[in-house]
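Following: one structure in structure tokens, then a few remarks.
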Amino acid sequence: MSGVERSGAAAGVKGERVEGGQSVLDIRGVSPPERHPRIFGTFTNLELGESFVLVNDHDPKPLFYQFQAEYTGQFSWEYLEQGPKTWRVRIGKQGSAADRTPLHTIP
0 MSGVERSGAA
10 AGVKGERVEG
20 GQSVLDIRGV
30 SPPERHPRIF
40 GTFTNLELGE
50 SFVLVNDHDP
60 KPLFYQFQAE
70 YTGQFSWEYL
80 EQGPKTWRVR
90 IGKQGSAADR
100 TPLHTIP
């Protein structure tokens, strides 16, 4: 599945919309302290194999490094547009259900 099929996932959230079955998170109008929490919240809510398109007013390369540090091997990153005024990146959730299973459980 290449995009978020659940159109309701983006409904009613400022900056989010659905275009052709693909969830789009436009953070250009979002204050900087709210941007990363909103992006990671959107990512966390994805099902395996789903993705969303991030729209930003600058290259989100630092965000890529944060994803690399926190979600190694669990995300995909594809530039769709690279400036000069708008950057669009498709961010997807990868892996298997086994990747989400805790290795240790506490009885």
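Using numbering that gives the first Met the number 0, you'd call the opening residue of the sequence shown number 0 and step up by one each time. Where is the CB? At the ideal position from N, CA and C, for every residue including glycine.
ask   = Which residue's Cα is closest to the Cα of L47: G72, Y78 and K84?
value = Working through the sequence shown from its first residue, we reach residue 47 at position 48. Looking from the CA of L47, the closest CA among G72, Y78 and K84 belongs to G72.
task = Output yes or no for whether 8 Å exceeds the beta carbon distance between V52 and V23.
result = Taking the sequence shown and counting its residues from 1, the one referred to as residue 52 is at position 53. Taking the sequence shown and counting its residues from 1, the one referred to as residue 23 is at position 24. The criterion of a C-beta distance shorter than 8 Å is satisfied by V52 and V23.
task = Look at the alpha carbon of D25 and the alpha carbon of G94, and state the distance between them as a whole number of angstroms.
result = The residue given as residue 25 occupies position 26 in the sequence shown. The residue given as residue 94 occupies position 95 in the sequence shown. Straight across, the Cα-Cα distance linking D25 with G94 is about 25 Å.
request  = Let me know if S75 comes out buried or exposed under the rule of 16 or more other beta-carbons within 10 Å of its beta-carbon.
outcome  = In the sequence shown, residue 75 corresponds to position 76, counting from 1. With fewer than 16 other Cβ atoms within 10 Å, it is exposed.
key: Proximity to P59 [Cα-Cα], best of P83, G20, E49 and Q21   = In the sequence shown, residue 59 corresponds to position 60, counting from 1. A check of alpha carbon separations from P59 across P83, G20, E49 and Q21 identifies P83 as the nearest.
ask   = When burial is assigned at 16 or more other CB atoms within 10 Å of the CB, is G91 buried or exposed?
value = Against the sequence shown, residue 91 aligns to sequence position 92. Classification of G91: buried, given that the 10 Å Cβ count is 16 or more.
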